[in-house]
Amino acid sequence: MYILGLHGNFGRSDHDGASALIRDNEIVAVAEEERFLRQKHATGLFPYESVRSCLKQADITIEDVDCLAFPRVTWQNFADRLETYFGFQFGYCPEVKFVQHHQAHVASAYYLSGFPSALALSIDRSGDGVSLAVYRCSGTKLELLHEEGFPNSIGLFAALMTQYLGFRSNHGEYKVMGLSAFGKPDVDLSFLLQVTSDGYQLNEKYLHQEVLNKYPAFPTEQLPIFNDKVAEHLPPPRKRDMPLESHHADIAASTQATLEAAVMAILKRFKQPEDRYLCLCGGVAHNSVMNGNVVADAIFEEVFVPPAPGDAGTALGAAVQVAVDQGHQFAPLQTACLGPEFDNGQIQQLLDTSGTPYVSVDNPAERTAQLLAEGATVAWFQGRAEFGPRALGARSLLANPCNAEMKDKVNRIKHREKFRPFAPSALHEVCPERFSTYGNSPFMSFTFPANEQGLKEFPASIHVDGSARVQSVQESDGLYYQMISQFHQLTGIPAVLNTSLNSDWEPIVHRPQDALAFLGVTATQYLVIGNFLVGASS
Numbered sequence: 106m107y108i109l110g111l112h113g114n115f116g117r118s119d120h121d122g123a124s125a126l127i128r129d130n131e132i133v134a135v136a137e138e139e140r141f142l143r144q145k146h147a148t149g150l151f152p153y154e155s156v157r158s159c160l161k162q163a164d165i166t167i168e169d170v171d172c173l174a175f176p177r178v179t180w181q182n183f184a185d186r187l188e189t190y191f192g193f194q195f196g197y198c199p200e201v202k203f204v205q206h207h208q209a210h211v212a213s214a215y216y217l218s219g220f221p222s223a224l225a226l227s228i229d230r231s232g233d234g235v236s237l238a239v240y241r242c243s244g245t246k247l248e249l250l251h252e253e254g255f256p257n258s259i260g261l262f263a264a265l266m267t268q269y270l271g272f273r274s275n276h277g278e279y280k281v282m283g284l285s286a287f288g289k290p291d292v293d294l295s296f297l298l299q300v301t302s303d304g305y306q307l308n309e310k311y312l313h314q315e316v317l318n319k320y321p322a323f324p325t326e327q328l329p330i331f332n333d334k335v336a337e338h339l340p341p342p343r344k345r346d347m348p349l350e351s352h353h354a355d356i357a358a359s360t361q362a363t364l365e366a367a368v369m370a371i372l373k374r375f376k377q378p379e380d381r382y383l384c385l386c387g388g389v390a391h392n393s394v395m396n397g398n399v400v401a402d403a404i405f406e407e408v409f410v411p412p413a414p415g416d417a418g419t420a421l422g423a424a425v426q427v428a429v430d431q432g433h434q435f436a437p438l439q440t441a442c443l444g445p446e447f448d449n450g451q452i453q454q455l456l457d458t459s460g461t462p463y464v465s466v467d468n469p470a471e472r473t474a475q476l477l478a479e480g481a482t483v484a485w486f487q488g489r490a491e492f493g494p495r496a497l498g499a500r501s502l503l504a505n506p507c508n509a510e511m512k513d514k515v516n517r518i519k520h521r522e523k524f525r526p527f528a529p530s531a532l533h534e535v536c537p538e539r540f541s542t543y544g545n546s547p548f549m550s551f552t553f554p555a556n557e558q559g560l561k562e563f564p565a566s567i568h569v570d571g572s573a574r575v576q577s578v579q580e581s582d583g584l585y586y587q588m589i590s591q592f593h594q595l596t597g598i599p600a601v602l603n604t605s606l607n608s609d610w611e612p613i614v615h616r617p618q619d620a621l622a623f624l625g626v627t628a629t630q631y632l633v634i635g636n637f638l639v640g641a642s643s
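If you count by this note's numbering, then the sequence shown holds residues 106 to 643, one letter each, in order.
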């Protein structure tokens with residue numbers, strides 16, 4: 106049975122369109138619309154290209170799909186709109202089944218976690234009128250314990266403060282997280298988000314109601330969520346072209362601390378002694394600092410965050426939920442590399458037709474390790490594309506983490522702010538020796554404090570506060586694991602600096618021609634793509 110999960114919309118503010126194809130209990134393909142369109146988040150667009158990609162990867166047509174799964178239940182007449190759209194674009198519309206938005210988030214996490222039972226917390230700005238949902242999960246049952254309705258929203262609080270600090274909401278929240286390490290959490294934000302022992306309350310007095318009344322019917326990312334009353338408690342809002350000052354870092358640190366306090370209040374309210382495992386999902390679960398501190402708090406034995414905890418992941422979650430309802434069970438998710446792949450023949454044809462000089466390499470892992478050991482920056486394009494916002498060794502920009510100056514160099518390559526950190530991709534077996542409060546982090550979901558050995562070995566991948574957002578790389582990661590192992594043999598360092606293969610405000614590279622374009626417009630020195638090496642001078 107084929108189930109095609111979808112997320113996206115027609116012209117509304119919904120973002121991160123995606124498609125996911127499941128055959129019985131196997132994830133066949135997942136793809137994000139932004140990668141094809143080269144438009145970050147693909148806001149307000151239905152995932153046409155990603156649907157085509159999933160069908161192509163499975164070598165099937167839409168007539169072979171038994172069911173469409175969609176992660177919304179409150180949109181009126183949407184089944185009719187899907188039937189009209191698929192009939193027009195593909196000539197056929199399968200049966201449509203709807204899954205509540207936060208249930209789809211939770212399904213994408215819990216059913217793929219491998220946990221026999223878990224407490225699950227889904228947190229975002231809003232979905233189906235709900236901003237937070239708590240579930241107790243056991244076997245194939247998801248029991249809803251609690252919901253918070255919009256606009257009482259931790260995600261909305263984070264978006265508001267992101268705008269106040271001069272960044273774009275729904276894109277710059279991770280910048281606020283990175284900036285928070287430079288400040289002190291001494292700014293009182295309780296006027297906006299009041300945290301109590303059993304929850305939180307967002308004060309609507311400070312929201313721009315005219316803008317919120319348009320959401321989600323119209324894209325509102327460029328309009329202010331906050332009103333002028335916020336400036337009665339804080340310095341004036343920062344404009345994008347204004348320099349960052351110390352009080353901005355303090356506000357960021359206080360935003361991070363307030364967000365974490367609200368999440369921990371909810372977790373402690375609903376955790377029972379039998380709850381050994383936790384699943385975190387929803388857009389707020391992109392916050393790796395929060396996730397790492399939940400691990401450090403040690404009230405759960407293990408925490409799982411899926412590789413795409415945001416709205417793109419609900420395409421997969423809706424499909425998984427429908428499959429579970431059909432009696433299927435899923436193995437623990439081992440990889441996020443579930444997207445399109447380009448073979449050596451396709452890559453070589455592009456290189457030849459474009460006139461790009463290249464060298465064939467028998468062992469791309471070994472050659473890349475050598476280049477990194479020599480201090481080069483390398484764009485790495487291998488295998489199936491990752492699903493989710495993190496580059497996990499398929500579409501990555503790599504550098505040597507031993508050289509502290511490499512951080513500024515790579516930030517210049519990507520046209521990013523200097524305060525933003527990079528991640529170490531480290532061999533899984535050595536991570537407990539380099540990071541304290543370590544928990545397994547295959548999808549780069551957690552930030553952990555580095556110990557003395559980690560600080561010494563990975564200075565370019567360590568943030569100003571001594572922490573790192575870690576990707577633990579296992580032998581099952583194939584060529585990427587082999588490359589890091591080769592680098593370890595050459596340098597004695599069991600990790601590489603890893604960041605996504607894209608410039609700021611662009612989606613991660615999707616096609617080989619995107620990788621060539623990136624090499625051509627940045628100061629990256631080499632591209633290792635399939636079994637071919639391309640130099641920047643090309």
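Cβ atoms here follow ideal geometry from the backbone N, Cα and C, with glycine treated the same way.
It should be emphasised that the depicted structure is a prediction, and the values quoted were computed from it without experimental measurement.
DSSP places P529 within a strand segment (E or B) once states are collapsed to three. Taking 8 Å as the cut-off, the Cβ atoms of A184 and L109 do not count as close. Per DSSP, S359 is not a residue of any beta strand (DSSP E); the alpha helix (DSSP H) it occupies stretches across S351 to F375. Contact between the stretch 461-471 and the stretch 491-509 is absent: fewer than 3 CB-CB pairs across the two stretches fall below 8 Å. Between the alpha carbons of I165 and G122 lies a distance of about 21 Å.
Its Cα nearest to that of V399, the residue F553 stands out among S231, G192, F553 and E154.
G271 carries a coil assignment under DSSP once its states are collapsed to helix, strand and coil. By the beta-carbon neighbour count (other beta carbons within 10 angstroms, threshold 16), Q205 is buried. For a cut-off of 8 Å, the C-beta gap from N392 to M282 is around 6 Å, short enough to register as a contact. Restricting attention to Y215, A354 and E309, the CA atom closest to the CA of D570 is found in A354. Under the three-state reduction of DSSP output, C442 falls in the strand class.
Proximity to C442 across V425, G498 and F623 peaks at G498, based on C-alpha coordinates.
Take K376, set aside five residues on each side of it, and the residues of its chain with a beta-carbon closer than 7 Å to its own are L224 and I404, in chain order. Excluding residues up to 5 positions away in sequence, A528, P529, A531, C536, F540, Y543, S546, M549, F551, T552 and F553 lie with their Cβ nearer than 8 Å to the Cβ of V575 in the same chain. Inter-segment contact for the stretch 267-285 and the stretch 335-355 is present: three or more beta-carbon pairs are separated by less than 8 Å. Going by beta carbons, C384 and V211 fall inside the 8 Å limit.
Between S577 and G583, the alpha-carbon positions lie close to 13 Å from each other.
Annotated three-state conformation of N332 is coil, per DSSP.
Here the stretch 273-291 lies against the stretch 350-370, with 3 or more beta-carbon pairs under 8 Å apart. Across the structure, E611 and P378 are spaced so that their CA atoms are roughly 44 Å apart. Within its own chain, the residues whose Cβ lies closer than 6 Å to the Cβ of I518, once the five positions on either side in sequence are excluded, are T627, A628 and T629, listed in chain order. Annotation: the continuous beta strand (DSSP E) that includes C242 extends over V235 to S243. Counted as a single uninterrupted DSSP element, the beta strand (DSSP E) harbouring H112 occupies residues Y107 to H112. When Cβ pairs closer than 8 Å are counted between the two stretches, the stretch 124-138 is seen to touch the stretch 152-165, the count reaching three or more. A direct Cα-Cα distance of roughly 43 Å separates L294 from V156. Residue pairing of V575 in beta bridges, as defined by DSSP: F551. Judged by beta-carbon spacing, A417 lies beyond the 8 Å limit of P176, meaning their Cβ atoms are not closer than that value. One alpha carbon belongs to P437, the other to W485, and they sit about 27 Å apart. E278: member of the alpha helix (DSSP H) spanning E278 to S285, first to last residue. Secondary structure of I634 (DSSP, three-state): strand. The beta carbon of C242 sits closer than 8 Å to those of V211, Y215, F220, S222, A223, L224, A225, E248 and C384, all from its chain and outside the five residues before and after it, given in chain order.
Of all C-beta pairs linking the stretch 584-600 to the stretch 477-495, three or more are shorter than 8 Å, placing the two stretches in contact. The beta carbons of S213 and P411 sit about 5 Å from each other, so the pair counts as a contact at 8 Å. Here Y631 is buried. Its C-beta has 16 or more other C-beta atoms within 10 Å. Beta-carbon to beta-carbon, V300 and A367 are separated by about 5 Å, close enough to satisfy the 8 Å threshold. In summary, D513 is exposed, with fewer than 16 beta-carbon neighbours lying within 10 Å of its beta-carbon over all protein chains present.
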